[in-house]
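Peer 1: There's a structure below that I have some questions on.
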Amino acid sequence: MDDTSMIIGHVGIVEDNSMVINNVGAVEDTSMVIAHVGSVEDEPFNFLMSTNNIQVPEVVYDHKPKVGQEFASLDEVHDFYNKYAKEVGFSVRISSSKKNKNDEITRKEYCCFKEGTSCKGIPCEKKRRRGIIRVGCNAKLAVVKTISGNFVVSLFVEEHNHSLVTPRRVHFLKSHRKVTKAQKSLTQHFLAANIPIHQQISVFESQAGGIHNIGCTEKDIYNFERDLRKEMKGHDAMMLLEHFESEQGKNSAFTFTIKTGNEDRITHCFWADAISRLAYEIYGDVVVFDTTYNTNRYSMVFAPLIGVNNHGQTIVFACAFLSDETTDSFIWLFEQFKKAMPGGAPKMIITDQDLAMTKAISEVFPDSFHRYCSWHILNKFSEKINAITYRDYYSDFQKCIWQSYTREEFDSNWIEIVEKSNLNDNAWLRSMYELRSKWVPVYINHVFSVGMSSSQRAEISHAFFKRYVSKKNSLFDFITRFNRALAHQRHEELRADHVDINEKPVFKLPLHIEKQMSEIYTHIIDKAMTRLDVSKIVEDDLESVLQKVSQMIIGTENSTQLSIAQQRQQICNEPLAVRAKGCGKRIKGGKEKNKVNVKARRCAACGKAGQSHDKRNCPMLNDR
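In full-length UniProt numbering, the protein residues as written are 1 to 624.
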C-alpha cells in the first residue's frame, strides 16, 4: 500500500440536515455548503463545495471506492470506478501503469478526465482548435497487485477542483460512451445497405427508448465507420482480387481483368458475371455507355455498359473502373468487353459526344453504328445560342428534329430555321448539322435501337446504383454493394417474367394469330432466360424459333461453357486517388460563363492559388 495514500471520508447527514465530514480524514476548512446549480429539470449531482472551490461528491457509501477494497481483475476496477464516476458526474481515464519484468501490470492509476494541464502553446502543424479541458484535477484511484493476483485500492482521492457534470449531460462524457458489440454489428449491416448514420441513430434511439439512452453519440458511430475504413487500408486491392478469383472459382463464366501501373497500383479493372454475359448474347444489339463519378474513395471512374431486356428494363452487361477518360483507357475497356462478350460486336452504341469515346469506338467497333445522345445535344441549345433566339426558335428546332419523316424534309427545315433565326454563323449548329447522321432520328431509324435515342437510361442506371454505393467506399465495399443492387435489379426482371407467364394479355380483336404470337413470345423468353447455355437464336419465322427452343436440352451435362482465360495470381495495390475530367462539372448558364475577375481556386493542402490540382490530388500530399 502506498505511503501517500489519502482517505477522504464519506458525507454523513446529522439531525439538523447539515452536512459534515466524517472524522476519517482531516479537513482544514470545515465551512462546507451545499451547492445547487441549474434548474429543477437539470438537477446536478449533490456535492460539497469548500471556499477554495474543492468539491466532494455525495454518493451512497457502498458505491464509493475505499482504500483496501479488493477486485479480481483490472476490468472490475475500471467498471466500478467508472460507474462511480457516472453517478458523481465526471469521466475516467487511465493515468499510468507499471509493469514487472514479466510484462504484468502491478500498479494502475485512474484519474479524472480534467487531470493535468493542456499543452497550450506547443507548436503543431495540424492542431485542432478546441477549448481547454484539463484544469489540474487531483481526483484519482490507484490499485496494486497482490500476491494472490487480486488488485487492492491503494489510493483514492475524491476531491475535484471543477464543477461536476449534471445527470442530463453525463452521457456525453467519453468514458460513459461506448459503441457496443450489438451496435457495431448493426452499424456494419446498415453501412452495407448504404443507410446513412443519421438514420442509424434514429433506429438506435427507438431501440433504447431515447437518444440519451443510446450509450454513444452520432460522432462515435462516424468514428467507428472511419476505423473500419482504416482497417482495410492497404488491403483493398488484394481483397478485390481475391473476391474476383472466388467468384470465378464458383462459376468459370465469371471473367475479370485487372491492369496495374506504377508500384503495381490498379489503374483499370473490368468484370462481368455469367448472367451479364448471357444477357449480352440475347439482348446485346444495343449498348448504352456512359461514365459516372463519386462511387469510390479513389475517385476512379465507374463505367458500366448497359442494355435493355425484353421487358424494357435496364440490364448490365459489364462494368469497369478507369483511372482516367482518355482514348487509350476506353480502347482498353472496349477490347476487354469485346473479348468477354459472346455474339460479336453490338449493332449500335449510344454515348454522349465525348471525343475520346468516339475515337475508341471507331477503332474497336468499326462495324457498330455509333449514335450520339440526342438529349445531351438538345440540352446544349440553351448554351450555344442566345436567350432570345432560344426562346423564339427552340420549339422549331425540336419539331424539325422529331417530326421530319425524310432526310430531305429535315435538311430543308433545318436550313430554313437557321436562316430565319440568323444563326448561319453559329459554329456549333453547323457542326451539329454535319454530324446529323449520328443523332437525328430520320437518319438513324434504319438501325435497330430498341426505341432509345439517348443515354438517359445510363443516367437513370447511375442514379439507381448510387442509392447503394457512396464516394467513401473502398473498391471491395463497392463490389459488395453493387452486387446487392444488381440482385435487386435482376429480381425485378424475374418478377416481370413471372407476370408474363401467369397473366395473359387482353386482346382487342378476337384473332387467333394474336393469341398464338403472345404465347410463343412468352415461352421463348421463359425458356431462354432460365438457361445458362442458350445459343444464338437467329431471326427466322416463328415456327423455326419454336423448333430451336424445343430442341434445347435442359441440363448441365452437355452444356457448353463460355471460354474464359483463367486469371493468374497477381499482386496488386490500391489505386492512387485520381481526378476525372468530368468530376464536379455542371451545366452553366451564359451569365455565369461571362463572369470576369473570378478569384482563382486555392488548393487547401499547399495553399497555392490558380493551380490545376486541389487537395485530393495535391503533389505535396502524394509525396508524403
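No residue lacks a Cβ here, since even glycine has one placed at the ideal position from N, Cα and C.
1. For GLU115, collect the residues of the same chain with a Cβ closer than 6 Å to its Cβ; drop the 5 residues on either side in sequence, then sort them by chain order.
2. Is ILE221 helix, strand or coil by DSSP?
3. Report yes if the CB atom of VAL286 is closer than 8 Å to the CB atom of ILE350, and no otherwise.
4. Which runs of the beta strand (DSSP E), 3 residues or longer, sit entirely within the segment 145-209?
5. From THR217, PHE289 and HIS162, pick the residue whose C-alpha is nearest to that of LYS184; which is it?
6. State the beta-bridge partners of ALA142 as determined by DSSP.
7. May I have the straight-line CA-CA distance separating GLY312 from TYR372, to the nearest angstrom?
8. Spell out a yes or no on whether the segment 435-449 and the segment 145-164 are touching, meaning 3 or more CB-CB pairs, one atom from each, closer than 8 Å.
9. For GLN313, name the three-state secondary structure that DSSP assigns.
10. So, at 6 Å on beta carbons, what are the nonlocal neighbours of residue 651 in its own chain, with the 5 sequence-adjacent residues on each side left out?
11. Would you report the Cα separation of GLN200 and ILE221, rounded to the nearest angstrom?
12. Where do the N-terminal and C-terminal ends of the alpha helix (DSSP H) with HIS376 fall, by residue?
13. In whole angstroms, what separates the C-alpha of LYS471 from that of MET300?
14. Which one of PHE302, PRO366 and TRP375 has the shortest CA to CA distance from GLN353?
15. Below 6 Å CB to CB, which residues in the same chain sit around ASN386 once its five sequence neighbours on both sides are set aside?
16. For a test of the three-state rule: what should DSSP assign to ASN413, helix, strand or coil?
17. Once DSSP output is grouped into helix, strand and coil, what is the label at LYS233?
18. One question on the structure: do PHE334 and ALA360 come within less than 8 Å of each other, judged by their Cβ atoms?
19. Distance, Cα to Cα, ARG130 vs ARG602?
20. Is the beta carbon of SER474 closer than 8 Å to that of ASN262?
21. Distance, Cα to Cα, PHE317 vs ILE501?
22. DSSP on LEU228, reduced to helix/strand/coil?
23. Give the secondary structure of LYS347 by DSSP, where H, G and I count as helix, E and B as strand, and everything else as coil.
24. Given a threshold of 16 other Cβ atoms within 10 Å of its Cβ, counted over all protein chains shown, does residue 668 qualify as buried or as exposed?
25. Who are the near neighbours of HIS370 in its chain, counting only those whose CB is closer than 6 Å to its CB and skipping five residues on each side?
26. Are the CB atoms of ARG265 and ASN573 within a distance shorter than 8 Å?
27. Where does the unbroken alpha helix (DSSP H) through VAL88 begin, and where does it stop?
28. Pairing CB atoms from the segment 222-242 with CB atoms from the segment 185-197, are three or more of them under 8 Å?
29. Rounded to the nearest angstrom, how far is the Cβ of ARG481 from that of VAL469, given a contact under 8 Å?
30. Can you find the residues in the same chain that come closer than 8 Å, C-beta to C-beta, to SER612, ignoring five residues on each side of it along the sequence?
31. Could you name the residues of the same chain whose beta carbon sits closer than 8 Å to that of ILE377, not counting the 5 residues immediately before and after it, in chain order?
32. Excluding the 5 residues flanking VAL418 on each side, which residues of the same chain have their C-beta closer than 7 Å to its C-beta?
33. PRO57 lies in the alpha helix (DSSP H); which residues open and close that run?
Peer 2: Taking the geometry as given:
1. In chain order, CYS137 place their CB closer than 6 Å to the CB of GLU115, counting only its own chain and leaving out the 5 sequence neighbours on each side.
2. For ILE221, the secondary structure class from DSSP, reduced to helix, strand or coil, is helix.
3. Yes, the Cβ-Cβ distance between VAL286 and ILE350 is below 8 Å.
4. Taken in chain order, the unbroken stretches of beta strand (DSSP E) that lie wholly in the segment 145-209 and span 3 residues or more are 151-157.
5. Per the Cα distances, THR217.
6. Note: ALA142 sits in a beta bridge opposite GLU109 and LEU155.
7. Rounded to the nearest angstrom, the two C-alpha atoms are 20 Å apart.
8. Contact fails: fewer than three Cβ-Cβ distances are below 8 Å.
9. Here GLN313 sits in coil by DSSP.
10. No answer is possible for residue 651: it lies beyond the span of the chain, which begins at 1 and ends at 624.
11. If you take the alpha carbons of GLN200 and ILE221, they lie about 9 Å apart.
12. Note, HIS376: alpha helix (DSSP H), 374-379.
13. Using only the alpha carbons, I get a separation of about 10 Å.
14. Of the listed residues, the one whose Cα sits closest to GLN353 is TRP375.
15. Excluding sequence positions up to five before and after ASN386, its CB lies less than 6 Å from no other CB in the same chain.
16. Looking at ASN413 - three-state DSSP - the assignment turns out to be helix.
17. Residue state, collapsed to three classes: coil.
18. Closer than 8 Å, so yes.
19. Distance between the alpha carbons of ARG130 and ARG602: 25 Å.
20. Contact: no.
21. A direct Cα-Cα distance of roughly 25 Å separates PHE317 from ILE501.
22. LEU228 falls in the helix class under three-state DSSP.
23. Three-state DSSP puts LYS347 in coil, outside helix and strand.
24. The structure shown does not extend to residue 668, since the chain is modelled only from 1 through 624, so no value can be given for it.
25. Excluding sequence neighbours, HIS370 sits near ILE349 and ILE361.
26. Closer than 8 Å, so yes.
27. For VAL88, the enclosing alpha helix (DSSP H) begins and ends at 74-88.
28. Taking 8 Å as the limit for Cβ pairs, the verdict is that the segment 185-197 does touch the segment 222-242.
29. Between VAL469 and ARG481 the Cβ distance is about 5 Å, and since that is below 8 Å, they are a contact.
30. No residues qualify anywhere along the chain.
31. Answer for ILE377: GLN353, MET432 and TRP439, listed in chain order.
32. Here the set comprises ASN424 and LEU429.
33. Here PRO57 belongs to no alpha helix (DSSP H); instead the beta strand (DSSP E) covers 55-57.
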